[in-house]
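The block underneath contains the structure these notes are about, expressed in structure tokens.
Protein chains: 2
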Amino acid sequence: MNTVFWSPGLEQLEPYTPGEQPSGTTLIKLNTNENPYPASPRALALLAQKDFADALRRYPDPESCELRAAIATRYGLNDRQVFVGNGSDEVLALSFYSFFRRNEPLLFPDITYSFYPVYCQLFDIESRSIPLSEDFSLNVEDFSGTAAGIIIPNPNAPTGRHLSLDRIEALLQLQPERVVIIDEAYIDFGGESATQLIEQYPNLLVIHTLSKSYALAGLRLGFAMGQEHLIEGLLRAKNSFNSYPIDAIAQEVATAAIRDRAWHENNCSKVVATRSRTEEALLELGFEVIPSKANFILAKPPAPGAEALYLALRELGILVRYFNKPRISEYLRISIGTDQEMDQLIGNCKEILASQS
Amino acid sequence: MNTVFWSPGLEQLEPYTPGEQPSGTTLIKLNTNENPYPASPRALALLAQKDFADALRRYPDPESCELRAAIATRYGLNDRQVFVGNGSDEVLALSFYSFFRRNEPLLFPDITYSFYPVYCQLFDIESRSIPLSEDFSLNVEDFSGTAAGIIIPNPNAPTGRHLSLDRIEALLQLQPERVVIIDEAYIDFGGESATQLIEQYPNLLVIHTLSKSYALAGLRLGFAMGQEHLIEGLLRAKNSFNSYPIDAIAQEVATAAIRDRAWHENNCSKVVATRSRTEEALLELGFEVIPSKANFILAKPPAPGAEALYLALRELGILVRYFNKPRISEYLRISIGTDQEMDQLIGNCKEILASQS
Chain A
45 MNTVFWSPGL EQLEPYTPGE QPSGTTLIKL NTNENPYPAS PRALALLAQK DFADALRRYP
105 DPESCELRAA IATRYGLNDR QVFVGNGSDE VLALSFYSFF RRNEPLLFPD ITYSFYPVYC
165 QLFDIESRSI PLSEDFSLNV EDFSGTAAGI IIPNPNAPTG RHLSLDRIEA LLQLQPERVV
225 IIDEAYIDFG GESATQLIEQ YPNLLVIHTL SKSYALAGLR LGFAMGQEHL IEGLLRAKNS
285 FNSYPIDAIA QEVATAAIRD RAWHENNCSK VVATRSRTEE ALLELGFEVI PSKANFILAK
345 PPAPGAEALY LALRELGILV RYFNKPRISE YLRISIGTDQ EMDQLIGNCK EILASQS
Chain B
45 MNTVFWSPGL EQLEPYTPGE QPSGTTLIKL NTNENPYPAS PRALALLAQK DFADALRRYP
105 DPESCELRAA IATRYGLNDR QVFVGNGSDE VLALSFYSFF RRNEPLLFPD ITYSFYPVYC
165 QLFDIESRSI PLSEDFSLNV EDFSGTAAGI IIPNPNAPTG RHLSLDRIEA LLQLQPERVV
225 IIDEAYIDFG GESATQLIEQ YPNLLVIHTL SKSYALAGLR LGFAMGQEHL IEGLLRAKNS
285 FNSYPIDAIA QEVATAAIRD RAWHENNCSK VVATRSRTEE ALLELGFEVI PSKANFILAK
345 PPAPGAEALY LALRELGILV RYFNKPRISE YLRISIGTDQ EMDQLIGNCK EILASQS
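Residue numbers (this note's numbering), protein chains in the order written: chain A, 45 to 401; chain B, 45 to 401.
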């Protein structure tokens, strides 16, 4: 590859690798934490009902006012405490740019969302990864010391472990002079959101996505919530990068989805119930299961082990996520599908494990 | 504003200011170069016809393969010579990051798209603005000298002036060791695209948008075309910023729009015809008109002058763009609307000018 025209350093970037998105539809996809059910029918109905010709001809609202108002209402905030972006990945990228470009390392757990170190490379941010305990639990005190920004997913990914609100408060108090980002992509499946701490903590930024609990991964919509001075910082960066990141259709569909609280609560309950059943079934098969508050389970299968099981399941048309990485290479991350999909998974695991013994 | 949590330098960023997007619909909007006609009916029909529930539930194709193939076919390129982004603004931002972060100034005209200096601030890139001639024409030789990247819009914005293909070639030859970006947002309204030079020039990157000639500003879709080694550089940056920038609906609508060449050619012809009529009418009213190959006209009104006329038109419900900036503060940039909208504009200008004399 001819890289002479590239900016210095570009060649050294190691991009994030998303989970596989096969184009065929016959596979059971339990590898990217998508929701198994279709999104709010009120949100989906807009597409068929509305004439978007004029909305598409014009530039969209650069500030996504209506969508931000819906989110603010949902979380008891005001509109100026809400920032929206093209997926929570974009919100995260702009947050790293806005708050973490400092002459000091950013702190995050050693097992966490693997996009964080990529943003650090992108914006030349030093980082220090803080080891989780043997059982993947996070010890808040490990994040103390000299002033440093912090980012953690809660529940953590890919472990699924949840940190209680008093532990989040402890983190916020340990680093009062720096931004602490709580990435709550998976919070709606039984976790306790830190949004209720926003009033008290000027250094708290909470990030959500519509990709998981709203079943809208295909729409690309994420948002950040925090005190106004943090949201202003994000806007400064966003408006220097892309004035109109949210298209006209996405603004409307997302607004309707956020407003349909009944659908959302029902959907999360269904996923949580299926997760419980799946945890029990995996334990019965001899897996070690990390307790999860997310829409996935990290679990360590018995022999023939994670990689062999991943490949065998793949042969049978079931995709789960295998990370060939330190500490978690003996685990599989399994997204929660429908009850039927999970029955199929459990049945196939049973057969594969039985054929080994 | 409390900025203690911001990264150093964030406060100094001066974001781009987009043209006003009023929420009322009774105004005649000739201020943001939107297309006056609805997009391809084939593209729009998809929204009503297709069931997007499953596409939205899942992550979209991170590589937008089908859309890139449609663009490649349209321009006689291969798929790996095409990069797509969330509006051409995102494509531009990633291009600045990928190619222009060097210890040397980037060159662009002193009158040009005002987002360029903002990207430079965002990524800490030095720049040098090259003065256009008195009549806003660009002298290619002014871009020679030590190695330096170049970016120019062609046609230029907000002047509307077009540079012929042999002048573009001269630019490419003047800076063979650096990327030269030709930002062709307005090329389809009578200009000659540099895409046909891609095979010959490894340093050429051409950027297009669906916001103007495709009447899809609300969809946020832009793309870059160039030799594979440049596209690879862009992918490296994009995949370190946001894996899935193009949502599932936008991918499909954009693909259908690109494929509907008959609609596109017809639409551009209509806009060009209205532009000619408008130029003539403005000349008749005593405006100085810069010859335009874009879907807007930069013109200098007679007394009471640009700012007064802008305000008076606004009172009458017509928005045009007034830039309070050196060299162009006596001009108005007027987007090409429908014939009826332009008749209204001309009629109102006539009255306002008459009431002055």
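Glycine included, C-beta positions come from ideal geometry on N, C-alpha and C.
Apart from the five residues on each side of it in sequence, which residues of its chain come closer than 8 Å, Cβ to Cβ, to residue i?
i, result
"residue 71 of chain A", "361, 362, 363"
"residue 339 of chain A", "77, 79, 230, 233, 256, 257, 315, 319, 379, 380"
"residue 390 of chain B", "322, 325, 326, 329"
"residue 349 of chain A", "374"
"residue 189 of chain A", "none"
"residue 383 of chain A", "318, 321"
"residue 66 of chain B", "73, 363"
Enumerate in chain order the residues of its own chain whose CB-to-CB distance from residue i is below 7 Å, with the five nearest sequence positions on each side excluded.
i, result
"residue 160 of chain A", "152, 195"
"residue 122 of chain A", "116"
"residue 271 of chain A", "125, 242, 246"
"residue 203 of chain A", "155, 180, 334, 342"
"residue 347 of chain A", "400"
"residue 119 of chain A", "239, 269"
With the cut-off set at 8 Å, would you say residue i and residue j are in Cβ contact?
i, j, result
"residue 281 of chain A", "residue 285 of chain B", "no"
"residue 307 of chain A", "residue 158 of chain A", "no"
"residue 205 of chain B", "residue 334 of chain B", "yes"
"residue 155 of chain B", "residue 180 of chain B", "yes"
"residue 215 of chain B", "residue 184 of chain B", "yes"
"residue 263 of chain B", "residue 100 of chain A", "yes"
"residue 253 of chain A", "residue 132 of chain A", "yes"
"residue 344 of chain B", "residue 366 of chain B", "no"
"residue 110 of chain B", "residue 299 of chain B", "yes"
"residue 128 of chain B", "residue 112 of chain B", "yes"
"residue 54 of chain A", "residue 142 of chain B", "yes"
"residue 60 of chain A", "residue 108 of chain B", "no"
"residue 226 of chain A", "residue 198 of chain A", "yes"
"residue 274 of chain B", "residue 49 of chain A", "yes"
"residue 302 of chain B", "residue 97 of chain B", "no"
"residue 176 of chain B", "residue 207 of chain B", "no"
"residue 165 of chain B", "residue 58 of chain B", "yes"
"residue 276 of chain B", "residue 45 of chain A", "yes"
"residue 259 of chain B", "residue 81 of chain B", "yes"
"residue 163 of chain B", "residue 261 of chain A", "no"
"residue 304 of chain A", "residue 86 of chain A", "yes"
"residue 51 of chain A", "residue 144 of chain B", "yes"
"residue 312 of chain A", "residue 353 of chain A", "no"
What is the DSSP secondary structure of residue i, counted as helix, strand or coil?
i, result
"residue 162 of chain B", "helix"
"residue 223 of chain A", "coil"
"residue 185 of chain A", "helix"
"residue 153 of chain A", "strand"
"residue 135 of chain A", "helix"
"residue 365 of chain B", "strand"
"residue 206 of chain A", "coil"
"residue 395 of chain A", "helix"
"residue 343 of chain B", "strand"
"residue 239 of chain A", "helix"
"residue 390 of chain A", "helix"
"residue 253 of chain B", "strand"
"residue 73 of chain A", "strand"
"residue 6 of chain A", "No information on residue 6 of chain A is available, as it lies outside the stretch 45 to 401 that chain A covers here."
"residue 169 of chain A", "coil"
"residue 377 of chain A", "strand"
"residue 174 of chain B", "strand"
Quick check: does the Cβ of residue i come within less than 7 Å of any heavy atom belonging to the ligand ATP?
i, result
"residue 366 of chain A", "Ligands are entirely absent from the displayed structure, and the ligand ATP is therefore not among its contents."
If you drop the 5 nearest sequence neighbours on each side, which residues of the same chain put their C-beta closer than 6 Å to that of residue i?
i, result
"residue 148 of chain A", "192"
"residue 62 of chain A", "none"
"residue 146 of chain B", "none"
"residue 266 of chain B", "129, 131, 132, 135, 253"
Under 8 Å: do the region 72-79 of chain A and the region 226-236 of chain B share three or more Cβ pairs, one atom per stretch?
no
Contact the region 293-307 of chain A vs the region 87-94 of chain A: 3+ CB pairs below 8 Å
yes
Uninterrupted alpha helix (DSSP H) stretches inside the region 262-303 of chain A (no shorter than 4 residues)
272-282, 292-303
3 or more residues per run - each beta strand (DSSP E) lying fully within the region 78-151 of chain A:
126-129
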